[in-house]
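Asker: Okay, so the sequence shown: first residue is 1222 according to my numbering, each after it adds one.
Before I ask anything, here is the structure I am working with.
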Amino acid sequence: MVFYWDGETLVLNILGKPSAKQDAIGKPYGHQLKVSVTAAPRAGRATDHMVRFLAAEFGVAASDIEVVFGRMNVNKQLRIKSPKRLPAVIAQREGV
């Protein structure tokens, strides 16, 4: 499952791709959503960059996104508290 709701919190399974040409939310890959970021994978910097990027995409503060696991790994789970907007790939899957 790429994502699910826990009350008002969106729980999102991510496959991260650091050192990409641009920040982007990609298509689902298995049970994960592919998210590319330009930051290099050093000391959690790519994850921090991903959190800031996703905060802007979901209309929340970076502090509203919790990294449940995968801070130093490409496989991650994030909890996003009360997202104000949903990127198209999430909104489309909600109707499935």
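All residues carry an ideal CB built from backbone N, CA and C; glycine is no exception.
What you are looking at is a predicted structure, and each value in this text was computed from that prediction instead of being measured.
Short of 7 Å in beta carbon distance, which residues of its chain neighbour A1163, apart from the five on each side in sequence? Order them along the chain.
Answerer: Look at the range of the chain in this structure, 1222 to 1317, and you will see that residue 1163 is not part of it.
Asker: Enumerated in chain order, which unbroken segments of the alpha helix (DSSP H) with a length of 4 residues or greater are wholly contained in the stretch 1231-1309?
Answerer: Qualifying alpha helix (DSSP H) stretches, in chain order: 1266-1279.
Asker: Tell me the rounded alpha-carbon separation between D1244 and S1284.
Answerer: The count along the sequence shown starts at 1 and reaches residue 1244 at position 23. The count along the sequence shown starts at 1 and reaches residue 1284 at position 63. If I take the Cα positions, the gap works out to 19 Å.
Asker: Let me make sure I understand the geometry here. Which of S1257, R1273 and Y1225 has the alpha-carbon closest to that of T1236?
Answerer: Taking the first residue of the sequence shown as 1, we reach residue 1236 at position 15. It should be pointed out that residue 1236 corresponds to Leu in this sequence rather than to Thr. For L1236, the nearest C-alpha among the options comes from S1257.
Asker: With a CB to CB cut of under 8 Å and the five nearest residues on each side skipped, what residues in its chain are close to P1249?
Answerer: Your numbering for residue 1249 matches position 28 in the sequence shown. If we look at P1249 and ignore the five residues flanking it on each side, its Cβ neighbours are V1223, K1255, V1310 and R1314.
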